[in-house]
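To start, the structure itself, in structure tokens.
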Amino acid sequence: MKPTDISTFASHQLSLLQAELDAETAETTLLISDTPPSILSRSGHAILNLQVSSQRTGLGGKTVLELSLDPAVAGADSSIPEHNIRVGDIVSISEQISGSAKKREKNEAGKRGIEGVVLKVQREGVSVASGKDEVDIPNGKVWLVKLANDVTYKRMNQTMSKLQKFTDSELSPFIRVLFGQSSPTPIPKDLNDPSLGFDKLKWVNPSLNDSQKEALKLALASREVALIHGPPGTGKTHTLIELILQLLQQNLRLLVCGPSNISVDNIVERLAPHKVPMIRLGHPARLLPSVLNHSLDVLTRTSDAAEIVQDIRKEMDTKQASIRKTRNGRERRVIYGELKELRKEFRERERNCIDTLVRGSKVVLATLHGAGGFHLKNQQFDVVIIDEASQALEAQCWVPLLGAKKVVLAGDHLQLPPTIKSLNSKLVTLPTLAKKAEKDGEERMGKSEQNREGKIDSQKDKATKEEKVTLETTLFDRLLALHGPSIKKMLTTQYRMHEKIMAFPSAELYDNKLIADESVKARLLKDLPEVTDTEETREPLIFYDTQGGDFPEKAEDEEVGKKAGAGMSLGESKSNEGEAAVVKMHVKKLVEAGVKPDDIAVVTPYNAQVALLAKMGMKEDFPGLELESVDGFQGREKEAIVVSLVRSGGEVGFLSEKRRLNVSMTRPKRQLCVIGDSETLAKGSKFLKRWMAHLEEHSDLRYANLDDIPTG
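Numbered according to the UniProt record's numbering, the sequence shown spans residues 1 to 712.
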């Protein structure tokens, strides 16, 4: 790969980011304006029948609203319905108008809505930090709807604009390496050469395997960049924890990032027992004490430096509570005026407190876009570590990298890249992108599942031989193509899957290099405590073949399709009632054999199938069972995974993406149960055809028959 002109690269990224934001905004606007709340709720874009149960003052003096299910609706179960709203999403909270209300009334209620950021998601409710200082809280029933998130785009755009304007003299040696304008400092081929001193290293974790040690040596030896390739279950996070501890022994200061709150919290959790002086910026997605105790939100309340902030916070909370008690406009204005002055003083004291806390931490952890906040302005780090780098946009990665000296990227580029809504727009090439951006901007439209239907393949054939660029090309991908395997080490021992589950992905995607550790290679569901040995629990790989036409797929219902608009995600998802019945039957047999529902997950590539399974009462019948899309379950694991592939009789579409299939087949520890139509799927791609052949030969093959499936 030839060197990249940095200014041109940055301008291309800006064009692509704008197209992506346009696609996301267009989709969201169309959904909210044309789709009834009930359908938005069914698709996971909204949560209905909520109430503001409490409010408090959060970080930055923002008002945090706690939302829970309205008791009049909740009944005995106070859990909020299934949805796709996550920590960090931008949402609007507004008064819930009755379905019979006029359009003008609904629009007025929408205008009065409160915009904010989701801080916490639990079964019983959602916490949202308001974006405004003055918040008029609705007293009655409210609903929450997901909006396009332009906050992350703003930070990525700022970063790319800075990169675009760098003069030649401002480019650091590190940045030059990452764009191929100079080569990385050579790393000895034999990392075990005694002259390097690695033989004297004292590993904190004595159980590290050889491939993990090799990856660590590469990361420690590199001067500018190292890639740690961690296939599923190979202990990537354990390796990163060891790397952090080794770098700290060298008295280096570290910034550790990931694309999501969960990816960062996972590291905080694993690092906490080592008593490392660290701070977690932003709001943790999980509420485990090991995460909370290191979060900025808690430290600004509990540390010595935080005491000077607490008295103002208490006064602000009192004022907030008094606003809800008064309906007198004059009194409310007076209170808002007092709050404004308090916030000003609060933020000044809090900023000083935060600066003291951050400067005193040897390890700072944040999401990639969170690393661009004011908390880290003028802060210096020796090494930046990015976990799940293959799931992050390259522009995101540059937020913490502009002032960096060295980066270690960890991830698996053979699993799903970031989801790109604008990918079905015209494929563009480096030299022509800037000229086409304005014209193409009017044509781009995000289509969620449909735009991943493989259409990009036909566009690739028409593209020129020049280097192709989409937002799916991650920094991990580009650096590997740029500098080759010398900067990468792959972890090869996996500690998750039975060897029969591992066999196909290892052969197809990982050059047969994956090895199942002795502790997992033969483990089965029947070996779990209180689980009976049955036909269902003694098999690691089961395939219910639904070929024959009795299990037809169908598109999301017509009402949804019409309301969502042509090509929108609500109208393009697929479901399969027959497969859903097989899923329920198999889960029931596992639970009857003693497998805990908490140890089972059902995953499927299609949101409509998730919604159908939820509608069938799977979560009520099996409390603790997880239902999730393949994309949403990436990075997770369970003892047993049931995969419903849905497609039958039609085109296979985006399901043929091998990285999506890789996620599907590498989540389970003891059993993978696949449900699908081998005849349809084998026509989808060569990869799918080989998988179907593998399942027919190596799984416990069962031909699904609707007559054999219990109803009810």
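Glycine included, every Cβ here is placed at the ideal spot set by N, Cα and C.
Let me make sure I understand the geometry here. Which of the options has the alpha-carbon closest to that of residue i?
i           : options                : result
A91         : V121, P71, I97, V73    : It should be pointed out that residue 91 corresponds to Val in this sequence rather than to Ala. Of V121, P71, I97, V73, the residue nearest in Cα terms is V121.
E657        : V674, L672, L681       : L681
T470        : P418, H586, V364       : P418
W143        : K162, S161, R112, P173 : R112
L482        : S183, L17, I137, E27   : S183
H274        : R702, I262, Q246, P259 : Q246
L401        : L208, S390, S172       : S172
residue 719 : P623, P668, P138       : What the structure shows of the chain is the stretch from 1 to 712, and residue 719 is not part of that stretch, so it cannot be assessed.
T239        : G653, Q250, W203, R327 : W203
V531        : R636, K596, N607, E518 : K596
T28         : D89, D677, E637        : D89
T159        : A640, V399, G632       : V399
L339        : N352, E639, K319, V408 : K319
A219        : E20, M278, T185        : T185
M618        : V652, V583, Y606, E639 : V583
Would you identify the three-state DSSP class for residue i, choosing helix, strand or coil?
i    : result
D700 : strand
V595 : coil
V276 : coil
V87  : coil
K377 : coil
E466 : For E466, the pLDDT reaches just 37, beneath the cut-off of 50, and the residue's location in the model is therefore unreliable, although a value from the coordinates is still provided. Correct three-state label for E466: coil.
P71  : helix
M616 : coil
V117 : strand
V610 : helix
K554 : strand
F166 : coil
N352 : helix
M497 : coil
G650 : coil
T8   : helix
K686 : helix
F346 : helix
G197 : coil
E626 : strand
W143 : strand
R659 : helix
E579 : helix
R670 : strand
F179 : coil
Contact defined as beta carbons within less than 8 Å: I believe residue i pairs with residue j. What is the distance between those atoms, to the nearest angstrom?
i    : j    : result
T63  : S11  : About 39 Å; that fails the 8 Å criterion.
P540 : R660 : That pair is no contact at about 22 Å.
R332 : I323 : 6 Å
H413 : T367 : With 8 Å as the limit, H413 and T367 do not qualify as a contact, their Cβ atoms being about 20 Å apart.
K421 : A74  : Wrong, their Cβ atoms sit about 34 Å apart, outside the cutoff.
V630 : T666 : At roughly 11 Å, the Cβ-Cβ gap does not stay under 8 Å, so V630 and T666 are not in contact.
E577 : G650 : So it is not a contact: roughly 15 Å between Cβ atoms.
K362 : L281 : The pair is not a contact, with the Cβ atoms about 14 Å apart (cut-off 8 Å).
Whole angstroms is fine: what's the gap from residue i's alpha carbon to residue j's?
i           : j    : result
E224        : I93  : 45 Å
V197        : G403 : Checking the sequence, you will find Gly at residue 197 rather than Val. G197 and G403: Cα-Cα distance of roughly 29 Å.
K200        : S648 : 58 Å
V587        : I600 : 8 Å
residue 721 : I175 : Here the chain has residues from 1 to 712 only, and residue 721 is not among them.
K462        : E626 : Note that K462 has pLDDT 35, beneath the 50 cutoff, so the model's placement of it is unreliable and the number below is only indicative. Going by the C-alpha atoms only, they are around 42 Å apart.
T493        : L514 : 6 Å
D317        : A410 : 42 Å
L655        : L645 : 8 Å
A611        : V276 : 43 Å
P36         : Q96  : 11 Å
L299        : F346 : 15 Å
S161        : V591 : 55 Å
residue 713 : P505 : Only positions 1 to 712 of the chain appear in the structure, and residue 713 is not among them; the question remains open.
V309        : S68  : 29 Å
D477        : E315 : 51 Å
I6          : F179 : 7 Å
R523        : G594 : 16 Å
Q18         : N157 : 9 Å
G194        : I187 : It is worth fixing the name first, because residue 194 is Pro in this sequence and not Gly. Computed Cα separation, rounded: 14 Å.
Within the chosen definition, does the region 478 to 491 reach the region 222 to 241 through at least 3 CB pairs nearer than 8 Å? yes
Below 8 Å, can you find three or more Cβ-Cβ pairs linking the region 43 to 55 to the region 149 to 168? no
Inter-stretch contact at 8 Å, needing at least 3 Cβ pairs: the region 257 to 273 / the region 694 to 702: no
Using 8 Å as the cut-off, can you tell me whether the region 389 to 399 makes contact with the region 207 to 218, which would need three or more C-beta pairs spanning the two stretches below that distance? no
Segment contact, 8 Å Cβ cut-off, at least three pairs: the region 246 to 264 with the region 371 to 389: yes
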